[in-house]
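**Student:**
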Amino acid sequence: VSELTAKTIAELRDGFRSGAFSAREIAQSYNAAVAAARTLNAYTVETPEDALAAAGAADNARNSGQLGSLAGIPLGIKDLFATKGVDSTAGSNILKGFRPTYESTVTANLRKAGAGMLGKLNMDEFAMGSSNETSAYGPVLSPWRRKGSNVGLTPGGSSGGSAAAVAAHIAPGVTGTDTGGSIRQPAAFVGICGIKPTYGRCSRWGVVAFASSLDQAGPMARTVRDCAILLEAMAGFDPKDSTSLDLPVPQWEANLSSDLKGKRVGIPREYRIDGVPSEINALWDRGIEWLKDAGATPVEISLPHTKYALPTYYIIAPAEASSNLARYDGVRYGMREPGEGGLDGMYGATRANGFGAEVKRRIMIGTYVLSAGFYDAYFTKAQKVRALIKQDFRNAFQQCDVILTPTAPSAAFGIGETTDPLAMYLNDVFAVPASLAGLPAMSVPGGVDEQGLPLGLHLIGNELDEQMVLNAGLAIEERAGFTARPEKWW
Amino acid sequence: VIDQKLRLRDDAITDGDIREDILSNAPDAEHGFFAVPKVIE
Numbered sequence: 003v004s005e006l007t008a009k010t011i012a013e014l015r016d017g018f019r020s021g022a023f024s025a026r027e028i029a030q031s032y033n034a035a036v037a038a039a040r041t042l043n044a045y046t047v048e049t050p051e052d053a054l055a056a057a058g059a060a061d062n063a064r065n066s067g068q069l070g071s072l073a074g075i076p077l078g079i080k081d082l083f084a085t086k087g088v089d090s091t092a093g094s095n096i097l098k099g100f101r102p103t104y105e106s107t108v109t110a111n112l113r114k115a116g117a118g119m120l121g122k123l124n125m126d127e128f129a130m131g132s133s134n135e136t137s138a139y140g141p142v143l144s145p146w147r148r149k150g151s152n153v154g155l156t157p158g159g160s161s162g163g164s165a166a167a168v169a170a171h172i173a174p175g176v177t178g179t180d181t182g183g184s185i186r187q188p189a190a191f192v193g194i195c196g197i198k199p200t201y202g203r204c205s206r207w208g209v210v211a212f213a214s215s216l217d218q219a220g221p222m223a224r225t226v227r228d229c230a231i232l233l234e235a236m237a238g239f240d241p242k243d244s245t246s247l248d249l250p251v252p253q254w255e256a257n258l259s260s261d262l263k264g265k266r267v268g269i270p271r272e273y274r275i276d277g278v279p280s281e282i283n284a285l286w287d288r289g290i291e292w293l294k295d296a297g298a299t300p301v302e303i304s305l306p307h308t309k310y311a312l313p314t315y316y317i318i319a320p321a322e323a324s325s326n327l328a329r330y331d332g333v334r335y336g337m338r339e340p341g342e343g344g345l346d347g348m349y350g351a352t353r354a355n356g357f358g359a360e361v362k363r364r365i366m367i368g369t370y371v372l373s374a375g376f377y378d379a380y381f382t383k384a385q386k387v388r389a390l391i392k393q394d395f396r397n398a399f400q401q402c403d404v405i406l407t408p409t410a411p412s413a414a415f416g417i418g419e420t421t422d423p424l425a426m427y428l429n430d431v432f433a434v435p436a437s438l439a440g441l442p443a444m445s446v447p448g449g450v451d452e453q454g455l456p457l458g459l460h461l462i463g464n465e466l467d468e469q470m471v472l473n474a475g476l477a478i479e480e481r482a483g484f485t486a487r488p489e490k491w492w
Numbered sequence: 489v490i491d492q493k494l495r496l497r498d499d500a501i502t503d504g505d506i507r508e509d510i511l512s513n514a515p516d517a518e519h520g521f522f523a524v525p526k527v528i529e
């Protein structure tokens with residue numbers, strides 16, 4: 003049964019339905035694989051009994067013919083999602099031991115579709131990081147290594163545990179969240195697919211908040227089709243999230259088509275930036291050829307405010323984070339440090355001890371840009387620039403149907419190799435503009451670099467047009483022939 | 489960034505009677521309330 007972990011979600015679903023294997027066998031294979039891969043530090047909590055219970059229900063339901071779209075499929079869940087009765091800590095000490103008495107809408111949707119849970123996945127603390135090194139549980143190790151080297155590599159972040167789990171075949175698919183690239187950059191680093199839908203497609207209810215105007219949940223999996231299957235189950239209107247889109251969920255999987263005849267692919271000239279390895283630009287050029295081969299026409303487009311996207315993001319996201327994270331005060335949930343000096347001392351000690359360095363940095367930046375004297379100069383200005391970035395995309399989508407860029411400006415780096423926060427923030431240079439504009443965007447593996455590490459291609463679609471993103475992703479997937487796998491060392 | 493109007497819903501109670509749930513994760517709770525260090529001497 004060990005080969006069950008080599009199958010895609012679509013294959014598992016179809017095999018389970020046809021009776022080739024049982025849901026229980028799938029869950030057992032994955033539970034064993036999860037337990038055997040603890041070296042990677044991908045899971046913070048393992049929930050084998052949850053996966054088995056859902057599998058048992060799926061096996062019983064198989065005869066009745068009333069099966070949800072994910073019946074028999076066990077998934078990994080990023081630790082940012084509240085899961086009833088299971089530790090949900092956002093990778094932070096300040097939430098250690100927090101066991102929600104409720105279930106996030108996204109995970110509830112997945113459960114309703116029949117999915118079980120393998121466990122909670124490690125992540126950068128409060129999703130603030132691009133390497134999973136800010137987690138209170140310690141960094142996740144990528145299953146990938148450079149050719150001829152055993153240096154530990156990061157799986158990217160913040161959905162680092164999610165990415166490592168899919169790449170190491172210790173989950174067939176997982177949830178991630180993306181505020182400024184946290185699904186797409188890790189997906190690129192480990193050679194898997196990951197899509198962030200249009201802002202508002204997936205409910206934020208029960209997802210620990212980082213930057214509420216940017217946060218979006220999305221799936222990560224081995225194939226474009228698997229991402230479509232998962233996203234269909236995760237998405238949907240939720241009255242409990244005031245920014246949830248009241249729209250029906252499209253049938254993304256059924257409508258998958260890699261025939262791009264008549265479609266125009268925008269190539270933004272501002273994304274040719276200095277310092278990006280030539281291999282990444284070469285892969286970008288190959289991606290253009292693949293989409294041409296699928297019938298699309300490349301058109302050069304301009305997104306003139308691109309260079310302001312990263313600075314704008316690093317004002318808006320910390321501003322929202324500093325406000326959202328004010329709730330961790332040691333009173334209602336999470337850890338408490340008594341400190342000295344009564345209630346105020348308790349607040350201070352709790353936050354000083356509970357948050358890690360990167361989270362504190364962003365709270366301070368956010369508090370600064372929202373302070374009375376600087377609000378207009380930073381926060382208001384950033385909101386205006388955000389509107390201009392959105393307008394850039396509106397103009398661009400007059401000329402094209404989807405935009406192709408690289409996902410990240412480098413391949414995966416080693417743990418401890420990037421110590422300068424600004425250098426770390428640069429990881430998201432290609433991902434952040436789509437986040438600020440609320441657009442659907444996906445990373446698909448394109449190839450490997452000289453050191454044998456995966457590189458991703460990034461597709462950005464117009465709002466609500468996840469289908470176009472998925473279809474272009476499928477066209478690349480079919481042509482890239484990406485079959486590289488990390489050699490098992492864990 | 490995505491054009492939408494803020495919805496209004498009926499002014500009706502959607503939850504409640506979950507005091508134990510709410511207090512279950514509190515570092516300290518007494519008599520059905522969150523407990524904090526003494527504020528008034």
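Read top to bottom, the protein sequences are chains A and B. Counting from 3, one number per residue, gives the positions in the first sequence under the working numbering. Counting from 489, one number per residue, gives the positions in the second sequence under the working numbering. We treat Cβ as the ideally placed atom computed from N, Cα and C, and that holds for glycine. Here the structure is a predicted model, which means the values were calculated and not measured.
Does the Cβ of Gly-368/A have 16 or more other Cβ atoms within 10 Å, making it buried, or fewer, making it exposed?
**Tutor:** buried
**Student:** Would Thr-103/A count as contacting chain B if we go by Cβ distances under 7 Å?
**Tutor:** yes
**Student:** Exposed or buried, Trp-491/A, counting other C-beta atoms within 10 Å across all chains shown (16 or more means buried)?
**Tutor:** exposed
**Student:** What are the start and end residues of each continuous beta strand (DSSP E) run of 3 or more residues lying completely inside the stretch 414 to 455 of chain A, in chain order?
**Tutor:** Counting whole runs of 3 or more residues, the stretch 414 to 455 of chain A contains the beta strand (DSSP E) stretches 443 to 450.
**Student:** Excluding the 5 residues preceding and the 5 following Ala-35/A in the sequence, name in chain order all residues of the same chain whose CB lies nearer than 6 Å to its CB.
**Tutor:** Non-local beta-carbon contacts of Ala-35/A in its own chain, meaning distances under 6 Å to residues more than five positions away in sequence, involve Thr-7 and Ile-172 in chain order.
**Student:** Excluding the 5 residues flanking Ala-374/A on each side, which residues of the same chain have their C-beta closer than 8 Å to its C-beta?
**Tutor:** none
**Student:** By alpha-carbon positions, which one of Thr-225/A, Asp-287/A and Thr-421/A ends up nearest to Leu-258/A?
**Tutor:** Thr-225/A
**Student:** Checking 7 Å against the spacing of the C-beta atoms, do Phe-212/A and Thr-181/A come in under that value?
**Tutor:** At a Cβ-Cβ threshold of 7 Å, Phe-212/A and Thr-181/A count as neighbours.
**Student:** Please list, in chain order, all residues of the same chain as Glu-135/A whose beta carbon is under 6 Å from its beta carbon, the five residues on each side excluded.
**Tutor:** Pro-141
**Student:** What's the C-alpha gap between Arg-481/A and Gly-448/A?
**Tutor:** Approximately 9 Å, taken between the alpha carbons.
**Student:** Taking the alpha helix (DSSP H) that Gly-2/A falls in, what are its first and last residues?
**Tutor:** In the structure as shown, chain A starts at 3 and stops at 492, and residue 2/A therefore has no counterpart that could be examined.
**Student:** Quick check on the DSSP output: the alpha helix (DSSP H) that includes Lys-493/A runs from which residue to which?
**Tutor:** Not covered by the structure: residue 493/A. The range shown for chain A is 3 to 492.
**Student:** Mind listing the chain A neighbours of Asp-505/B? Cutoff is C-beta to C-beta under 9 Å, in chain order.
**Tutor:** Within 9 Å Cβ-Cβ: nothing; Asp-505/B doesn't reach chain A, min ~13 Å.
**Student:** So is Thr-91/A buried or exposed if we call it buried at 16+ other beta carbons inside 10 Å?
**Tutor:** buried
**Student:** For Leu-112/A and Leu-82/A, which I take to be in contact (beta-carbon distance under 8 Å), what is that distance rounded to the nearest angstrom?
**Tutor:** Actually they are not in contact, since the Cβ atoms of Leu-112/A and Leu-82/A sit about 14 Å apart, beyond 8 Å.
**Student:** May I ask you to list, following chain order, the residues of the stretch 187 to 209 of chain A that have a beta carbon less than 7 Å from some beta carbon of chain B?
**Tutor:** Thr-200, Tyr-201 and Gly-202
**Student:** Excluding five sequence neighbours on each side, which residues of the same chain lie with their C-beta closer than 6 Å to the C-beta of Val-3/A?
**Tutor:** Caution applies to Val-3/A, whose pLDDT of 49 falls short of 50 and renders its modelled position unreliable; the value that the coordinates give is listed next. Excluding sequence neighbours, Val-3/A sits near Glu-27 and Ser-31.
**Student:** Could you give the DSSP three-state label for Met-337/A: helix, strand or coil?
**Tutor:** coil
**Student:** So what's Thr-85/A in DSSP terms, helix, strand or just coil?
**Tutor:** Thr-85/A: strand per DSSP, three-state reduction.
**Student:** Could you give the C-beta distance for Ala-495/A and Phe-395/A, rounded to a whole number, given that I count them as a contact under 8 Å?
**Tutor:** This structure cannot settle anything about residue 495/A, because the visible part of chain A is limited to 3 through 492.
**Student:** At what residues does the beta strand (DSSP E) containing Asn-68/A begin and finish?
**Tutor:** Reading off the sequence, residue 68/A comes out as Gln, not Asn. Premise fails: Gln-68/A is in no beta strand (DSSP E) and is neither H nor E.
**Student:** Pull up the distance between the alpha-carbon of Thr-49/A and that of Leu-123/A, whole angstroms please.
**Tutor:** Near 11 Å, if we compare the C-alpha coordinates of Leu-123/A and Thr-49/A.
**Student:** Is Lys-386/A helix, strand or coil by DSSP?
**Tutor:** helix
**Student:** Counting only Cβ-Cβ distances shorter than 8 Å, please list the residues of the stretch 324 to 344 of chain A near chain B, keeping chain order.
**Tutor:** Gly-332, Val-333, Arg-334, Tyr-335, Gly-336, Met-337, Arg-338, Pro-340 and Gly-344
**Student:** Check whether chain B comes within 7 Å of Phe-100/A, counting only Cβ atoms and requiring the distance to be less than that.
**Tutor:** yes
**Student:** What I want to know is whether the C-beta of Pro-525/B ends up closer than 6 Å to one or more non-hydrogen atoms of the ligand NAP.
**Tutor:** No copy of the ligand NAP occurs in the structure displayed, which carries no ligand at all.
**Student:** Any idea which residues DSSP pairs Ile-303/A with across the strands?
**Tutor:** Pro-270/A
**Student:** Could you compute how far the alpha carbon of Ala-389/A sits from the alpha carbon of Cys-402/A?
**Tutor:** Here the alpha carbon of Ala-389/A sits roughly 20 Å from the alpha carbon of Cys-402/A.
**Student:** When you compare only the Cα positions, how much space is there between Gly-21/A and Leu-14/A?
**Tutor:** 10 Å
**Student:** Counting only beta-carbon separations shorter than 7 Å, does Ile-490/B have a partner in chain A?
**Tutor:** yes
**Student:** So, is Glu-479/A buried or exposed, given that buried needs 16 or more other C-beta atoms within 10 angstroms?
**Tutor:** Its Cβ being crowded by 16 or more others within 10 Å, Glu-479/A is buried.
**Student:** Let's see if you can read the secondary structure: which residues bound the alpha helix (DSSP H) around Pro-313/A?
**Tutor:** 311 to 326
**Student:** Give the single residue among Pro-157/A, Ala-223/A and Thr-107/A whose Cα lies nearest to the Cα of Lys-9/A.
**Tutor:** Ala-223/A
**Student:** In chain order, what residues of the same chain lie with their CB nearer than 8 Å to the CB of Asn-283/A, ignoring the 5 residues before and after it?
**Tutor:** Arg-274 and Pro-408
**Student:** When DSSP labels each residue in this structure, what does Pro-188/A get in the three-state scheme?
**Tutor:** helix
**Student:** Which class does Gln-30/A belong to by DSSP, given the choice of helix, strand or coil?
**Tutor:** helix
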